[in-house]
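Take a look at the structure below.
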Amino acid sequence: MYFRKHSKVYISCIFLVKTCYVNMPHLFTIVYCKIVHLDLQVFMQLLYCKSSCFIRFFLVLQNPDKSRKQFCQDPFKVATACLTAFCLILLMILVVTSKAHSSDQDSPSSAAESHMQKGSANVSALTEELQAVKKEKSELEKERMQLKNRIAELALKCWVFLEATPAAQTTPLPTKSPCPEDWKHFNGSCYYVSEYRRSWSDSQAYCKRQGGHLAIILTAEEQTFIWNLLPRGYWNAYWFGISDEKVEEDWYWVDGTKLVGGFWEDGEPNNHINEDCGYMIKTDVLSRVAIKSWYDAPCYMSLPWICEKLVPFKPH
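Written out as structure tokens, the structure is:
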């Protein structure tokens, strides 16, 4: 297969050797020595020492007309010379084909070597990149540990500071009342307890001038809140907004609504000597409670009073 592939090369080489040696024997010898890497003198000694017949063969080739008859008279010499020439030609063909074969093998090996070099370069680059990533990871891990230690240090300092600092006494801020000064707020209304004394009607007139009226008490919670505003004394009595002046024993509030229930003391109201107006007491003489503190009295008596008005509306 290999011979078929390079058959044209062999034929060309044989023809070239023959032509070169016939026309330029000395040049042929020099070229051949260069091909097989032999010293020219060594090659000539080898040729001349090898066989005298081979020397004669060279002489015949150099002077074919002169020596043809002499050389052809000995058939053995002719055969030896031809065989030697044939061996020389085969040797040259072998050298040429081996060089061609080696160059053919060099091409894939060179490509493989190039690929190996590229692969080695890629591996080196990836190795360097991996080392850089590992180094960066190590630096980040070191920085993370430093931050963690710093956080722990700050937390310890904060704990020591808090332990050494006494707890601040928190005092609730006073809330501003929606009611005017000296008025007390409860459930959307403002209440005022007077220190002066007037009749029931004069007390109602005063409360109207303040934008309100004598207190209207509808629930036990409201009654208890107002009763707790009153100072306790020997016989502290205060007008509030109820009377039966129009119809005896029909008690109405100052806004015209009829009383339902109430927080009367036991046996009250008794209408003793025209007692048509209501008041409440908070006294030290008798044990009184908020839900049993209403009495009736003559409306002309001078007593302190309790005013009520709605929380003033303040536009935003």
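Residues 376 to 691, numbered by this note's numbering, are exactly what the sequence shown covers, in order.
Quick reminder that beta carbons are idealized off the backbone N, C-alpha and C, glycines included.
Small disclaimer: the values here were computed from a predicted structure and weren't measured.
Compute the Euclidean distance between the alpha carbons of residue i and residue j, then round it to the nearest angstrom.
i           : j           : result
residue 581 : residue 669 : 22 Å
residue 663 : residue 612 : 12 Å
residue 566 : residue 602 : 11 Å
residue 667 : residue 637 : 9 Å
residue 655 : residue 606 : 12 Å
residue 623 : residue 554 : 36 Å
residue 470 : residue 487 : 26 Å
residue 621 : residue 642 : 22 Å
residue 510 : residue 497 : 20 Å
residue 495 : residue 515 : 30 Å
residue 600 : residue 640 : 18 Å
residue 513 : residue 535 : 33 Å
residue 500 : residue 473 : 40 Å
residue 458 : residue 489 : 46 Å
residue 526 : residue 596 : 55 Å
residue 604 : residue 665 : 11 Å
residue 528 : residue 537 : 14 Å
residue 462 : residue 503 : 59 Å
residue 508 : residue 539 : 47 Å
residue 594 : residue 687 : 22 Å
residue 583 : residue 608 : 28 Å
residue 646 : residue 572 : 22 Å
residue 506 : residue 465 : 59 Å
residue 485 : residue 468 : 25 Å
Should residue i be labelled buried (16 or more other beta-carbon atoms within 10 Å of its own) or exposed?
i           : result
residue 659 : exposed
residue 579 : buried
residue 521 : exposed
residue 437 : Only weak support exists for where residue 437 lies, its pLDDT of 48 falling under 50; the value from the coordinates is given anyway. Exposed.
residue 492 : exposed
residue 402 : Model confidence at residue 402 stands at a pLDDT of 46, short of 50, so the residue's coordinates are unreliable; what they give is reported in the following sentence. Flag for residue 402 reads exposed.
residue 598 : buried
residue 657 : buried
residue 518 : exposed
residue 650 : buried
residue 644 : buried
residue 618 : buried
residue 610 : exposed
residue 592 : buried
residue 444 : At residue 444 the pLDDT is 49, less than 50, meaning the model places this residue with poor confidence; the figure from the coordinates comes in the next sentence. Exposed, because fewer than 16 other Cβ atoms sit within 10 Å of the Cβ of residue 444.
residue 446 : Residue confidence for residue 446 is low, a pLDDT of 44 falling below 50, so the modelled location carries little weight; the figure read from the coordinates is stated next. Buried.
What is the DSSP secondary structure of residue i, reduced to helix, strand or coil?
i           : result
residue 646 : coil
residue 624 : coil
residue 398 : Residue placement at residue 398 is poorly supported in this model, since its pLDDT is 48, which falls under 50; the coordinates are not used for a value here.
residue 577 : helix
residue 617 : strand
residue 678 : strand
residue 665 : coil
residue 564 : strand
residue 582 : helix
residue 594 : coil
residue 658 : strand
residue 652 : strand
residue 671 : strand
residue 469 : helix
residue 633 : strand
residue 685 : strand
residue 463 : helix
residue 589 : strand
residue 558 : coil
residue 602 : helix
residue 639 : strand
What whole-angstrom Cβ distance do residue i and residue j have, given they're in contact under 8 Å?
i           : j           : result
residue 652 : residue 671 : 7 Å
residue 615 : residue 589 : 5 Å
residue 587 : residue 674 : Between residue 674 and residue 587 the Cβ distance is about 19 Å, and since that is not below 8 Å, they are no contact.
residue 679 : residue 569 : 5 Å
residue 564 : residue 661 : At roughly 29 Å, the Cβ-Cβ gap does not stay under 8 Å, so residue 564 and residue 661 are not in contact.
residue 552 : residue 676 : Actually they do not touch by this definition, with Cβ atoms about 32 Å apart.
Would you please verify whether the beta carbon of residue i is less than 9 Å from any beta carbon of chain C?
i           : result
residue 618 : Of the protein chains in the structure, only one exists, and it is not chain C.
Please indicate yes or no: does the CB of residue i lie closer than 8 Å to some heavy atom of the ligand ADP?
i           : result
residue 485 : As far as ligands go, the structure on display features none, and thus does not contain the ligand ADP.
>> Would you call the segment 557–571 in contact with the segment 627–634, where contact means no fewer than 3 C-beta pairs closer than 8 Å?
In response: no
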